[in-house]
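Take 1 as the starting number for the sequence shown in the UniProt record's numbering and just add one per residue. Virtual Cβ for every residue (Gly too), placed ideally from N, Cα, C. A short write-up of the structure that comes next.
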Amino acid sequence: MLAARDLGKSFGGLTALHNVSFDVVKGQIKAVIGPNGAGKTTLFNLIAGTLRPSAGTITLDGKTISGLSASAIGASGIARTFQQPQVFRSLSVAENVMLGGHRFNKAGFIACGLGLSFTRREEEDLHATASKWLDFVGLAEFSSRTASELSLGQQRYVEIARAMATGAKVILMDEPAAGLDDTETRQLGDLVRQIRATGVTVLIIDHHMDFIMSIADSILVLNFGEWLAEGTPEEIVGSETVINAYLGSVEDA
């Protein structure tokens, strides 16, 4: 479904990613892990279109998306959430989620200003979509509150609801468990599995290894910008190469 081939990114003389290739299967939860500076965030930026690759290609459903604008990549079916939630704090929770569905609207600015009947129908559809996904993430009761009233974890859920409202095929989640307690992390894991159950593919970065190992179908390990290993959680946990990358070998101790 989502594939990268020989992907590379350089910033002047600094190579952030080099010759990275991987596949993500439809409906899969794939985690990307690695030490700090391994290139994980750079990889997400390349997939989302906020950076352009220096080498290689990224495809979605067989179509090349690398090099497209971030908005075009979003329209193709990729959405993203962030460690620091990108919510509009002065808007209501429902309004934040409604923004995700606006790309399906056909009404222009003038039509909206005139209050034409089809624009009202579209607005009703947006409300219904927002309600659906807020209920999905467990925030239906907060729909009329402003986003600034919510906790960090709840704001992340607003981002997830908004991503689902876009009709995304793939959601990139950047450290969604950061700052959450054990109960919140377990609840997040349940939610990510529910997202997978809808057929949406999840690509996730997180440093919380227990969380990653409990939800991932497959794990990609990066180290110093290069592909290090890939496999099931069980395979990665048992990989001496991965253990050495994180902890250093016994011989080096």
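Cβ-Cβ separation, residue j to residue i (assumed contact under 8 angstroms), whole Å
i: residue 280; j: residue 189; result: Residue 280 is absent from the model: the chain starts at 1 and stops at 253.
i: residue 69; j: residue 49; result: 6 angstroms
i: residue 10; j: residue 227; result: Incorrect: roughly 16 angstroms between the Cβ atoms, too far for contact.
i: residue 62; j: residue 169; result: That pair is no contact at about 12 angstroms.
i: residue 94; j: residue 134; result: 7 angstroms
i: residue 145; j: residue 85; result: 15 angstroms between Cβ atoms; not a contact.
Proximity to residue i [Cα-Cα], best of the options
i: residue 233; options: 246, 240, 216 and 221; result: 216
i: residue 131; options: 150, 158, 206 and 229; result: 158
i: residue 210; options: 183, 198, 49 and 224; result: 183
i: residue 75; options: 240, 207 and 164; result: 164
i: residue 41; options: 3, 172, 150 and 28; result: 172
i: residue 88; options: 147, 122, 1 and 212; result: 147
i: residue 195; options: 96, 238, 155 and 136; result: 136
i: residue 181; options: 238, 208 and 129; result: 208
Counterpart residues of residue i in DSSP-defined beta bridges
i: residue 8; result: 55
i: residue 80; result: 172
i: residue 96; result: Per DSSP, none; premise fails for residue 96.
i: residue 137; result: Bridge partners of residue 137: none, in fact.
Within 8 angstroms, strictly: CB atoms of residue i and residue j
i: residue 79; j: residue 166; result: yes
i: residue 66; j: residue 46; result: yes
i: residue 161; j: residue 139; result: yes
i: residue 219; j: residue 33; result: yes
i: residue 177; j: residue 206; result: yes
i: residue 202; j: residue 29; result: yes
i: residue 82; j: residue 6; result: no
i: residue 143; j: residue 92; result: yes
i: residue 225; j: residue 31; result: no
i: residue 56; j: residue 8; result: yes
i: residue 2; j: residue 43; result: no
Length-filtered (3 minimum) beta strand (DSSP E) runs lying within the segment 171-214 = Fully enclosed beta strand (DSSP E) runs of 3 or longer: 201-205.
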